[in-house]
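Undergrad:
Protein chains: 4
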Amino acid sequence: MRDHVRPLPSYLVSRFHGWQATTYTENKGWYRRLADEGQRPRAMIIACCDSRVHVSSIFGADSGEFFSHRNIANLVPPYTPDGDHHGTSAAVEYAVTSLKVAHLIVLGHSQCGGVHGCHEMCTGHAPELEEKTSFVGTWLDLLRPAYEAVKDLPEDKQIEALEKQGVVTSLANLMTFPFVKDAIEAGTMTLHGLWHDIGAGSLEQFNPATGAFEVV
Amino acid sequence: MRDHVRPLPSYLVSRFHGWQATTYTENKGWYRRLADEGQRPRAMIIACCDSRVHVSSIFGADSGEFFSHRNIANLVPPYTPDGDHHGTSAAVEYAVTSLKVAHLIVLGHSQCGGVHGCHEMCTGHAPELEEKTSFVGTWLDLLRPAYEAVKDLPEDKQIEALEKQGVVTSLANLMTFPFVKDAIEAGTMTLHGLWHDIGAGSLEQFNPATGAFEVV
Amino acid sequence: MRDHVRPLPSYLVSRFHGWQATTYTENKGWYRRLADEGQRPRAMIIACCDSRVHVSSIFGADSGEFFSHRNIANLVPPYTPDGDHHGTSAAVEYAVTSLKVAHLIVLGHSQCGGVHGCHEMCTGHAPELEEKTSFVGTWLDLLRPAYEAVKDLPEDKQIEALEKQGVVTSLANLMTFPFVKDAIEAGTMTLHGLWHDIGAGSLEQFNPATGAFEVV
Amino acid sequence: MRDHVRPLPSYLVSRFHGWQATTYTENKGWYRRLADEGQRPRAMIIACCDSRVHVSSIFGADSGEFFSHRNIANLVPPYTPDGDHHGTSAAVEYAVTSLKVAHLIVLGHSQCGGVHGCHEMCTGHAPELEEKTSFVGTWLDLLRPAYEAVKDLPEDKQIEALEKQGVVTSLANLMTFPFVKDAIEAGTMTLHGLWHDIGAGSLEQFNPATGAFEVV
């Protein structure tokens, strides 16, 4: 450990000090209340780790607004209470049962490297991801069922369709969690499925009535 | 599904349209390049889902800078290539082997609900978290080993100490991943351990030489 | 040559070794990637050579962020493809057509010696700069047209006004380059005009709607 | 103009405000003196525009230390007092005759896109740069004479050799300026030739006695 952990790069130190002297100073009262009274986020967002998905920016959100879980390809596994470590399921459980968020949002995006990797696996082009030791490949197995819904599309439409179908699959998996179902049926929480086009700067949402994504 | 998925709340629609008309418009060229050429983030940050941890804000980061994984209590499990779905390990693997990030940063924080829950478990006050069906409890088992290092401290110091010890444990677990170890030994990546005090607006970093966290 | 080129002064050697042992070591992975994969700067900044204009500092920028051209008085000449050596035009061409930067920023500043010299020329106080053999005077001829816009102001306002008018002139000249115009019209690049007050530590930006510089 | 010039991207605004509240505030007295009394830089540095050449960082330099001219490939043309606009010559003239810098430093670097382009021209692989309308190509003509010194080296050594030979050529061209020669002969200024390896983080300096670059 002694040899591996290093001081923070100085450009981040400078920027942090800048934040401390401006944003923090101007919002100190609120940040102290958030610390003292605990968070009370209105929504949970499940988004991709991708550096180009800037959730708080696109929704103008400040500290305290979104409980954010980010994993590769914004996937939610089905309900599997087997005693293993399930980071995503734990985050959903905490948001729904402890924080009682009012909205549970799954946010997919264009040019998703994870979705692309899954497509490669499903079309037989990524044997390295299919090895049992590949954490990425094993994780993306969660998205495989969604490939069924897109495999007959023209090839150049499949990736974007799979990005969107992944959101739909995650929404469906969320419904397998008893506490999610209960909150929805009690009318205390709503589900939302989004897809963000990074280059075009647009946002589409899943319309369950039509089964399509529509521009917001 | 038809009855469960709803349109995005209008306050988020409004804000998104505001972002689209301002930030997106002013940065369109850059966002398009990020879409066309792919991301090249300099660092991966592993942070908590907590809504009060505003990573991009405190580091003045814009789209494309940080690959962000967020889970409850910013935990990294030890290397366990057992073929199960490991969201955190998959994110680390992707960041290190595909994106080749230069810095891997674990960011803990004060008033962490997850760490508090683990402390409750360890002191016998949270039987509900110890049930096998609790995803939160099972996830927080990953933090249990860190409790050993703090259990003899005065009680009112234990929570903060456990938040920090959680970061140290995650750093140690990261070193059990062969690809993390390889990147560090090759000199292409560095590890960093941080703890952010939400109310005080301060930042501390782990100094492996002293074993303590020091103000940045 | 043998007698003219000397070893680097030791104070710079010491500082370089300090940088190498700290900043370089902490960021080695990133610097190697920048070397191996090439730069991908988000913005080009055209600033003055003046030692008091510390571009990377005021914008918290690290290696790889800004493509920087610096000349006396941050001037851009009009488009003149006459086969002569045009260092500024070459830098702009490279940034726009090869690097495809998303932002092109002209940064003027207070107490600019070059702008002061041009003002002296325009008011007949600097015959030595008007000699054909003066590189400084000939270079500052590029700023002369801007004097028209400030010559009727009270004398003590003229210098600062000329510094700002120089930025506006450079922005207008940039628009005479076909590749700049194309990138702007394609929506892949934006222009920005700034003026930095060195003593006050403030920054103003040109608002084309009002024709004035406004505090950022 | 109205439609082309835009507000500064908000990530730069935030960072600037951070700088203002920290670095500026802490150094206000010095910055005000620099504004009131004028700059007095010890050295002029002629470096490349490349975003990876972070001059102030590698030399630990703060505001007021270096008069910086940056152009593509850090080139200095020979003395040509023909009444045309010569940005580089103007910057050198101002530094030497007005600011009376004590050191004049030419800093080359590895992976230089400009030098690479010149090598492509010299080996007949870049007809587009040889067109009279290419500002980059015309600018790089200044480096062509240096190709003679490297063309018989093994091909994989030529680029780095040309980067270094470019520095030597610029140093020789500097000596053709009467005011440079005068200052050197009067013993009030020294010349220095450097080459920085971006990936390795090393620095070499030209030793005129051996004609080679040696590690600093």
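Residue numbers (numbering that gives the first Met the number 0), protein chains in the order written: chain E, 0 to 215; chain G, 0 to 215; chain S, 0 to 215; chain U, 0 to 215. Ideal Cβ positions, reconstructed from N, Cα and C, are used throughout, including at glycine. None of these values were measured; they are calculated from a predicted model.
Under 6 Å Cβ to Cβ from U:R69, same chain only, skipping five residues before and after it: list those, please.
TA: The residues are A46 and C48.
Undergrad: Is any beta-carbon of chain S found at less than 8 Å from that of U:H118?
TA: Cβ-Cβ to chain S under 8 Å: no for U:H118.
Undergrad: Entirely within the stretch 42-107 of chain U and at least 4 residues each: give me those alpha helix (DSSP H) ranges in chain order.
TA: Taking only runs of at least 4 residues, the alpha helix (DSSP H) segments lying wholly in the stretch 42-107 of chain U are 54-57 and 86-92.
Undergrad: Kindly confirm or deny that the stretch 156-171 of chain E and the stretch 97-115 of chain E touch, where touching means at least three C-beta pairs closer than 8 Å.
TA: A contact exists between the stretch 156-171 of chain E and the stretch 97-115 of chain E.
Undergrad: So, using beta-carbon positions, are E:M188 and E:I104 closer together than 8 Å?
TA: No, these two residues do not count as a Cβ contact at 8 Å.
Undergrad: Flag this pair as yes or no: are the beta carbons of E:R5 and U:R14 separated by less than 8 Å?
TA: Taking 8 Å as the Cβ cut-off, E:R5 and U:R14 do not qualify as a contacting pair.
Undergrad: Can you find a CB in chain E that lies within less than 8 Å of the CB of S:T22?
TA: It does: the Cβ of S:T22 has a partner Cβ on chain E nearer than 8 Å.
Undergrad: Compile a chain-ordered list of the residues in the stretch 130-162 of chain U whose CB is closer than 8 Å to at least one CB of chain E.
TA: Going along the stretch 130-162 of chain U in chain order, one finds no residue with a Cβ nearer than 8 Å to chain E.
Undergrad: Would a check of beta-carbon distances place U:Y30 closer than 8 Å to chain G?
TA: It does not: the Cβ of U:Y30 has no partner Cβ on chain G nearer than 8 Å.
Undergrad: Compare the C-beta of U:G165 against all C-beta atoms of chain G and say whether one is closer than 8 Å.
TA: Chain G, which has no Cβ nearer than 8 Å to the Cβ of U:G165, makes this no.
Undergrad: From the DSSP secondary-structure annotation, give me the bridge partner or partners of U:F205.
TA: Looking at the DSSP assignment, U:F205 forms a beta bridge with U:F212.
Undergrad: Given that U:C48 touches chain S, what residues does it touch there, using C-beta distances under 7 Å?
TA: Correct list: F66, S67, H68 and A90.
Undergrad: Excluding the 5 residues preceding and the 5 following G:W194 in the sequence, name in chain order all residues of the same chain whose CB lies nearer than 7 Å to its CB.
TA: These residues qualify, in order along the chain: G107, H108, E162, K163, V166, E203 and F212.
Undergrad: For S:L142, tell me which candidate among S:P77, S:D2, S:V54 and S:V12 has the shortest Cα-Cα distance.
TA: Nearest C-alpha to S:L142: S:P77.
Undergrad: Would you give the residue range spanned by the beta strand (DSSP E) that U:G192 belongs to?
TA: T189 to D196 is the extent of the beta strand (DSSP E) around U:G192.
Undergrad: In this structure, does DSSP put E:V114 in helix, strand or coil?
TA: DSSP places E:V114 in helix when its eight states are reduced to three.
Undergrad: Going along chain U, which residues have a C-beta under 7 Å from G:E36?
TA: Result: empty, since nearest Cβ-Cβ is about 16 Å, beyond 7 Å.
Undergrad: Answer yes or no: does any C-beta atom of chain S fall closer than 8 Å to that of E:P40?
TA: No, no contact with chain S.
Undergrad: Looking at chain G, is there any beta carbon in it that lies within less than 8 Å of the beta carbon of S:A94?
TA: No, S:A94 does not count as interfacial toward chain G.
Undergrad: Can you tell me whether G:V4 is helix, strand or coil according to DSSP?
TA: If DSSP states are grouped into helix, strand and coil, G:V4 belongs with the strands.
Undergrad: If we define contact as Cβ-Cβ less than 8 Å, is G:K99 a contact residue for chain E?
TA: False, the Cβ-Cβ gap to chain E never drops below 8 Å.
Undergrad: I need the boundaries of the alpha helix (DSSP H) containing G:P177, first residue and last residue.
TA: Here the alpha helix (DSSP H) through G:P177 covers P177 to E184.
Undergrad: Check for me: the alpha helix (DSSP H) holding U:R143 runs from which residue to which?
TA: Taken as a continuous stretch (DSSP letters only), the alpha helix (DSSP H) holding U:R143 covers R143 to Y146.
Undergrad: Have a look at G:G59 and G:D196 and give me their C-alpha separation to the nearest angstrom.
TA: When rounded, the distance between both Cα atoms is 17 Å.
Undergrad: What in chain E is Cβ-close to U:H16, meaning under 8 Å?
TA: Per Cβ cutoff of 8 Å: G17 and T21.
Undergrad: With 16 other CB atoms within 10 Å as the buried threshold, where does U:W29 fall?
TA: Exposed, since its Cβ has fewer than 16 Cβ neighbours within 10 Å.
Undergrad: Could you name the residues of the same chain whose beta carbon sits closer than 7 Å to that of U:T175, not counting the 5 residues immediately before and after it, in chain order?
TA: P77 and Y78.
Undergrad: Using 8 Å as the cut-off, can you tell me whether the stretch 91-102 of chain U makes contact with the stretch 17-33 of chain U, which would need three or more C-beta pairs spanning the two stretches below that distance?
TA: Segments in contact, no.
Undergrad: Along chain E, in chain order, which residues have C-beta atoms closer than 7 Å to that of S:N26?
TA: Within chain E, the residues near S:N26 are P8.
Undergrad: Could you confirm whether any beta carbon from chain U is found closer than 8 Å to the beta carbon of G:D83?
TA: Chain U, which has no Cβ nearer than 8 Å to the Cβ of G:D83, makes this no.
Undergrad: Considering Cα atoms alone, identify which of U:E127, U:P126 and U:C117 is closest to U:A145.
TA: The residue with the shortest Cα to Cα distance from U:A145 is U:C117.
Undergrad: Which first and last residues belong to the alpha helix (DSSP H) in which S:H16 is found?
TA: Start and end: S9 to W18.
Undergrad: Name the chain S residues whose beta carbon is nearer than 7 Å to that of U:G59?
TA: Per Cβ cutoff of 7 Å: R14, G17 and W18.
Undergrad: Residues of chain S with CB under 8 Å from U:G192, in chain order?
TA: V4, listed in chain order.
Undergrad: Since U:G200 meets chain S, which of its residues come closer than 7 Å, beta carbon to beta carbon?
TA: Those are Q19, Y23, K27 and Y30, listed as they occur along chain S.
Undergrad: Does the CB of S:M188 have a neighbour CB from chain G at under 8 Å?
TA: Closer than 8 Å to some Cβ of chain G, the Cβ of S:M188 qualifies, so yes.
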